[in-house]
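*Asks:*
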């Protein structure tokens with residue numbers, strides 16, 4: 001069975017790729033770029049993923065362009081729902097590519113992260129699977145969290161310090177000063 005795996009970065013790809021291959025899937029990765037800010041961060045993640053994919057024989061598709069403005073237009077004034085909007089945009093593009101590319105199914109490395117909302121990812125992906133006529137494969141990859149971290153450090157991979165969007169970058173680094 002051929003599966004298109006949305007890959008958010010190299011480190012998060014390690015464990016899901018191993019599991020899916022062990023289950024007999026032929027995996028192709030897909031890197032979606034529009035949500036990652038700034039562009040220099042996007043390039044670091046993409047370069048790391050390209051290097052890793054080449055080292056493990058993972059065919060990889062990369063989103064063309066860099067439509068940060070489109071991503072921001074979709075999120076502005078809806079920041080409380082930004083993750084759902086982001087999940088949908090990444091998973092929808094993956095589902096479309098899976099359907100158009102003749103894949104049997106799609107999945108996402110977002111399911112590896114302890115910080116992502118699995119219930120929403122699964123719900124959105126299952127809606128898209130129905131809409132686009134391609135199966136969604138759900139796996140809870142979080143059990144491999146530590147294994148993936150250890151391996152990515154062993155490989156000397158770039159490990160990003162936040163999810164990707166400008167809002168998650170702010171959440172990670174900006175701390176209000178107390179007014180004392």
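Residue numbers (my numbering): 1 to 180. Glycine included, C-beta positions come from ideal geometry on N, C-alpha and C.
(1) Could you tell me if residue 54 is buried or exposed, where buried requires 16 or more neighbouring beta carbons within 10 angstroms of its beta carbon?
(2) If you draw a straight line from the alpha carbon of residue 8 to that of residue 174, how long is it in whole angstroms?
(3) What's the C-alpha gap between residue 48 and residue 177?
(4) Closest to residue 68 by C-alpha separation, out of 59, 39, 83, would be which residue?
(5) One question on the structure: do residue 181 and residue 33 come within less than 7 Å of each other, judged by their Cβ atoms?
(6) Going by beta-carbon coordinates alone, are residue 82 and residue 75 separated by less than 7 Å?
(7) Tell me the start and end of each unbroken alpha helix (DSSP H) in the region 67-123 that is at least 4 residues and wholly inside, in chain order.
(8) In the DSSP assignment, what are the bridge partners of residue 39?
(9) Return the Cβ separation of residue 204 and residue 15 in integer angstroms, given the expectation that the two are a contact with Cβ distance under 8 Å.
(10) From the DSSP secondary-structure annotation, give me the bridge partner or partners of residue 58.
(11) Throw me the rounded Cβ distance for the residue 4 and residue 98 pair, which I believe falls under 8 Å.
(12) Using the beta-carbon count (16 or more within 10 Å), is residue 150 buried or exposed?
*Replies:* Answer, in terms of the structure:
(1) For this step, residue 54 is matched to residue 54 along the chain shown. So residue 54 ends up on the exposed side.
(2) In the chain shown, residue 8 corresponds to position 8, counting from 1. In the chain shown, residue 174 corresponds to position 174, counting from 1. Cα-Cα distance, rounded: 23 Å.
(3) What you label residue 48 is simply residue 48 of the chain shown in a count that begins at 1. What you label residue 177 is simply residue 177 of the chain shown in a count that begins at 1. Their Cα atoms are separated by approximately 35 Å.
(4) Within the chain shown, residue 68 is the residue found at index 68, counting from 1. Nearest of 59, 39, 83 to residue 68, Cα basis: 39.
(5) Shown here, the chain extends from 1 to 180; a query on residue 181 therefore has no answer.
(6) Counted from its first residue, the chain shown places residue 82 at position 82. Counted from its first residue, the chain shown places residue 75 at position 75. Yes.
(7) 68-75, 82-100
(8) For the purposes of this step, residue 39 is taken as the residue at position 39 of the chain shown. For residue 39, which the question treats as bridged, DSSP gives no partner whatsoever.
(9) Residue 204 is absent from the model: the chain starts at 1 and stops at 180.
(10) By one-based count along the chain shown, residue 58 stands at place 58. Per DSSP, none; premise fails for residue 58.
(11) Locating residue 4 in the chain shown gives position 4, where the first residue counts as 1. Locating residue 98 in the chain shown gives position 98, where the first residue counts as 1. With 8 Å as the limit, residue 4 and residue 98 qualify as a contact, their Cβ atoms being about 4 Å apart.
(12) Numbered from its first residue, the chain shown carries residue 150 at position 150. Exposed, since its Cβ has fewer than 16 Cβ neighbours within 10 Å.
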